[in-house]
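Enquirer:
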């Protein structure tokens, strides 16, 4: 039996009414409304005219992890022994993951922000330089995976600066954005970042749009992060399938796109070298971003671009 939805799709309703094949004329008022809609400029809360801004992170961490870094393998290794399988899992990030993602960003015409751990950059300098040479932003991500929120002021400042110096020396790029390990910055972190010449950080989940606060008496931007659209949370942490990942991120996009008609919206998506660079995740990303690009007014921006727009825009939220 044909269900009601199929019946309507196949024209059963129109056939019953006796008007199959006919075209109902538009009234003059309806024609006028259509013309008016087409001529109206698109609403935008972004200075550059974007309706929704999508910001992509690519973490460059592999090679900088400690010997006891978390991995998909059971944590039952006896102390004093090297976890060789876990080490190869991280190696995948710089041997396969980032190169594959870089090719995908080129095909999609997307520029991203790469949060780089200083020690990882020093171990894989040619790859770090290639990221910048392809037009992507290099942002700082500490010198290693140390817990910086426990550090005294001067120690933390050196820790951040050492990571910056590694990036500048290898890539020639001067980082102006920062991401702490697992977002866990300390009480002094923003003050230190302002002193070192940074203009933004991302270690904040409180909004879906950039905002400004005063640090050391100067404007400092937060370009918010998210765990909802993050492969380390969904794929590694929750063992989502790629279908589940696509569905969750797509639902986030659809809601944000609806809201962006009347509100400034920024959608953040995050990929890690050893997770987001797998073949299946790159295919999932390709499907997602192609879908997003088919919507009017969607633009992909590096986080340094977003921060500069936020500083220029007098309507940016201030806290």
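Residue numbers (this note's numbering): 676 to 994. Don't be surprised by glycine CBs; every beta carbon is placed ideally from N, CA and C. What you are looking at is a predicted structure, and each value in this text was computed from that prediction instead of being measured.
From which residue to which residue does the alpha helix (DSSP H) around residue 723 run?
Expert: Taken as a continuous stretch (DSSP letters only), residue 723 belongs to no alpha helix (DSSP H), as it is neither H nor E.
Enquirer: For residue 889, which residues does DSSP report across the bridge?
Expert: Looking at the DSSP assignment, residue 889 forms a beta bridge with 894.
Enquirer: Please report the residue range of the alpha helix (DSSP H) in which residue 964 lies.
Expert: Counting along the chain, the alpha helix (DSSP H) containing residue 964 begins and ends at 954-968.
Enquirer: What runs of the alpha helix (DSSP H), each 4 residues or longer, lie entirely inside the region 734-768?
Expert: Qualifying alpha helix (DSSP H) stretches, in chain order: 759-767.
Enquirer: On a Cα-Cα basis, can you pick out the residue from 983, 887, 816 that is closest to residue 840?
Expert: Among 983, 887, 816, the Cα nearest to that of residue 840 belongs to 816.
Enquirer: Considering residue 926, what are the terminal residues of the alpha helix (DSSP H) in which it resides?
Expert: That run of the alpha helix (DSSP H) goes 917-934.
Enquirer: By DSSP, does residue 980 sit in helix, in strand, or in coil?
Expert: Correct three-state label for residue 980: helix.
Enquirer: Report all residues from its chain with a CB closer than 8 angstroms to the CB of residue 779; omit the five preceding and five following residues, and keep chain order.
Expert: Answer for residue 779: 957, 960, 961, listed in chain order.
Enquirer: Since residue 944 is in the beta strand (DSSP E), which residue starts that stretch and which ends it?
Expert: Its beta strand (DSSP E) spans residues 941-947.
Enquirer: So is residue 965 buried or exposed if we call it buried at 16+ other beta carbons inside 10 Å?
Expert: Exposed, since its Cβ has fewer than 16 Cβ neighbours within 10 Å.
Enquirer: Rounded to a whole number of angstroms, what is the C-alpha to C-alpha distance between residue 850 and residue 746?
Expert: So the alpha carbons of these two residues sit roughly 28 angstroms apart.
Enquirer: Rounded C-beta distance between residue 890 and residue 866? I'm assuming under 8 angstroms.
Expert: Contact flag correct, Cβ pair sits at about 6 angstroms.
Enquirer: Helix, strand or coil, according to DSSP, for residue 993 in the structure here?
Expert: Three-state DSSP puts residue 993 in a strand.
Enquirer: Judging by CA-CA distance, which residue of 785, 791, 897 is the nearest neighbour of residue 846?
Expert: Here the closest residue by C-alpha is 791.
Enquirer: Check whether the region 873-891 and the region 974-983 are in contact - that is, three or more C-beta pairs closer than 8 angstroms.
Expert: At 8 angstroms Cβ cutoff, the stretches touch.
Enquirer: Tell me, to the nearest whole angstrom, how far the beta carbon of residue 742 is from that of residue 757; I am working on the premise that it is less than 8 angstroms.
Expert: With a Cβ gap of about 7 angstroms, residue 742 and residue 757 count as contacting.
Enquirer: Going by the CB atoms, is the gap between residue 869 and residue 895 shorter than 9 angstroms?
Expert: Yes, these two residues count as a Cβ contact at 9 angstroms.
Enquirer: Buried or exposed: which applies to residue 858, given that a residue is buried once 16 or more other Cβ atoms fall within 10 Å of its Cβ?
Expert: The residue is exposed, with fewer than 16 neighbouring Cβ atoms inside 10 Å.
Enquirer: Give me the Cα-Cα distance between residue 923 and residue 902, rounded to the nearest whole angstrom.
Expert: Straight-line Cα distance between these residues: approximately 12 angstroms.
Enquirer: Just how far apart, CA to CA, sit residue 906 and residue 760?
Expert: C-alpha separation (whole angstroms): 21 angstroms.
Enquirer: In the structure shown, what three-state DSSP assignment does residue 996 receive?
Expert: A query on residue 996 cannot be resolved here, the shown segment of the chain reaching from 676 to 994 and no further.
Enquirer: Measure the alpha-carbon distance for residue 774 versus residue 854 and round it to whole angstroms.
Expert: If you take the alpha carbons of residue 774 and residue 854, they lie about 22 angstroms apart.
Enquirer: Please report the Cβ distance between residue 721 and residue 882, rounded to the nearest whole angstrom; I am assuming they are in contact, meaning their Cβ atoms lie under 8 angstroms.
Expert: With 8 angstroms as the limit, residue 721 and residue 882 do not qualify as a contact, their Cβ atoms being about 15 angstroms apart.
Enquirer: Just list the alpha helix (DSSP H) runs in the region 850-892, keeping only unbroken ones of 4 residues or longer that don't cross its boundaries, in chain order.
Expert: Taking only runs of at least 4 residues, the alpha helix (DSSP H) segments lying wholly in the region 850-892 are 864-870.
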